[in-house]
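Reviewing the structure listed below.
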Amino acid sequence: MSLLVTGIGELVTNDPHVGGAVDDDVTPGWLGAIRDAALVVEDGRIEWFGRAGDASAADWRIDLEGRAVVPGFVDSHSHLVFAGDRSAEFAARMTGAPYDGGGIAVSVAATRQADEQTLRGLLEGRVAEMRAQGTTTVEIKSGYGLTVADEVQALRLARAATEEVTFLGGHVVPAEFAHRRAEYVELVAGEMMRACAPLARWVDVFCEPHSAHAFDADEARTILLAGRAAGLGLRVHGNQLGPGPGVALAVELGAASVDHCTYLSSADVEALAGANRGAGDSTVATLLPGVEFCTRSPYPDGRHLLDAGVAVALASDCNPGTCYSSSMPLAIALAVREMGLTPAEALAAATTGSARSLRRADIGRVAVDARADLAVLDAPSYLHLAYRPGVPIVRALDLG
Ligand SMILES: [Zn+2]
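The sequence shown runs 0 to 399 under numbering that gives the first Met the number 0.
Printed below as a string of structure tokens:
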């Protein structure tokens with residue numbers, strides 16, 4: 000059965016080659032925005048899109064009465080499988096307590112104690128919360144189990160919610176290994192990797208020498224190379240708490256994404272830009288401005304990254320410690336207000352940019368044969384995403 004979605008006041012496609020697209024001071028032609036648009040969906044794929052007047056009939060019809068439609072947000076970085084509450088830690092941080100990664104142990108203890116049904120309910124609630132804010136693809140990491148059995152359980156739960164599952168046994172060194180770091184790295188790269196790799200698409204590691212709980216470059220490399228040998232794609236948490244080796248390691252190993260990028264040297268920026276100039280897949284810099292907001296940290300200079308030619312993505316990093324927000328519209332608003340991106344650049348980073356960080360071409364854009372993953376705004380233009388911060392005007396478009 001085909002479905003005609005019409006009455007779209009403005010359709011953002013992320014396709015620079017769309018004919019008749021808007022091209023003015025605020026909406027660049029590369030965003031591929033079409034006014035008075037329609038699209039036809041069949042079997043969950045986009046079959047046709049264009050001007051509403053050119054649409055042919057379909058079996059069913061929805062009229063959006065002038066609302067804007069954008070590609071559904073691709074949230075390429077989240078930690079949704081956890082139990083427990085760290086609101087008191089947030090309150091303490093707002094009165095001056097620093098963040099060093101140590102609070103993750105609180106979530107690990109609560110997650111290990113929770114039963115599977117409880118964790119599933121919490122995860123499903125968080126995914127639904129994201130969809131209600133326009134997110135149609137979410138990457139979900141493990142990393143609050145940190146035993147073979149608990150990591151396997153987290154990945155099984157994540158797999159039921161998304162295709163983009165990431166093994167993050169290298170999140171922190173758990174307390175019981177505090178004086179046996181090398182043994183924990185060996186466990187993650189060995190027995191835990193063998194059990195977890197078949198359940199995941201990606202491996203990630205918190206590479207952060209500024210945290211006593213996270214991993215240095217050599218430890219991170221060991222875990223990433225074991226993940227690659229097990230057939231996983233690579234992602235890195237890097238340069239969050241201070242300048243460090245995360246970005247260089249990610250580019251060296253051809254990781255799909257290096258996330259946070261809060262503290263970058265000029266060599267880091269050049270490495271990311273150089274990777275983006277090269278042929279084939281490069282390492283995307285995924286910015287997580289909700290973390291800077293919730294930890295009161297300086298924002299990375301997103302404007303500088305784009306001007307330098309770095310591929311940039313935006314994601315939520317929804318997690319219980321440094322950013323318990325699942326809101327991609329918040330990330331977009333912060334990217335515009337605090338990191339120098341234009342509204343068009345921020346939307347592109349949250350859709351096609353984050354899709355690229357997952358090495359996906361079938362999401363994050365409107366194209367024939369792309370997935371019909373769309374978000375609809377109670378507003379006439381995508382500009383309202385940044386213009387109306389905190390107002391719930393966008394949701395995933397339910398095509399029934
Ligand atoms: Zn994270």
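Note that the Cβ used here is the ideal one computed from N, Cα and C, for glycine as well. For clarity, every value in this text was computed on a predicted model and none was experimentally measured.
Taking C-beta atoms under 8 Å as the contact rule, Val21 and Leu382 fail to qualify, at a distance of about 11 Å. Only buried fits Glu207, as 16 or more other CB atoms lie within 10 angstroms of its CB.
Between Ser356 and Ala255 the beta-carbon gap is near 6 Å, inside 8 Å, which marks them as a contact.
Taken in chain order, the complete beta strand (DSSP E) segments of 3 residues or longer contained in the stretch 294 to 344 are 311 to 313. Using a Cβ distance threshold of 8 Å, Val367 and Trp47 count as a contacting pair. Approximately 18 Å separates the beta-carbon atoms of Leu396 and Ser353; this is outside 8 Å, ruling out the contact. The beta-carbon distance between Val4 and Leu38, rounded to whole angstroms, is 5 Å. This is short enough to meet the 8 Å contact definition. In the same chain as Ser325, and ignoring 5 residues on each side of it, the C-beta atoms closer than 7 Å to its own belong to Arg125, Glu128, Met129, Gln132, Ser315 and Cys317, in chain order. Taken from the Cβ of Asp74, every heavy atom of ligand 1 lies 7 Å or farther away. Out of Leu156, Ser55 and Ala334, the CA that lies nearest to the CA of Gly142 is found in Leu156. Restricting attention to Pro288, Ala332 and Ala310, the CA atom closest to the CA of Tyr323 is found in Pro288. In terms of Cβ geometry, Thr161 and Asp372 do not form a close pair [threshold 8 Å]. Under the three-state reduction of DSSP, Val126 is assigned to helix. The three-state reading of DSSP puts Val40 in strand, counting E and B together. When DSSP states are grouped into helix, strand and coil, Asp217 belongs to the helix group. For His236, the uninterrupted beta strand (DSSP E) run begins and ends at Gly232 to Gly237, by DSSP. In this chain, the beta strand (DSSP E) harbouring Gly168 covers Val164 to Gly169. Distances taken from the Cβ of His78 to the heavy atoms of ligand 1 include one shorter than 7 Å. The beta carbons of Ala272 and Ala307 sit closer together than 8 Å. In this structure, Asp372 has its beta carbon at no less than 7 Å from each heavy atom of ligand 1.
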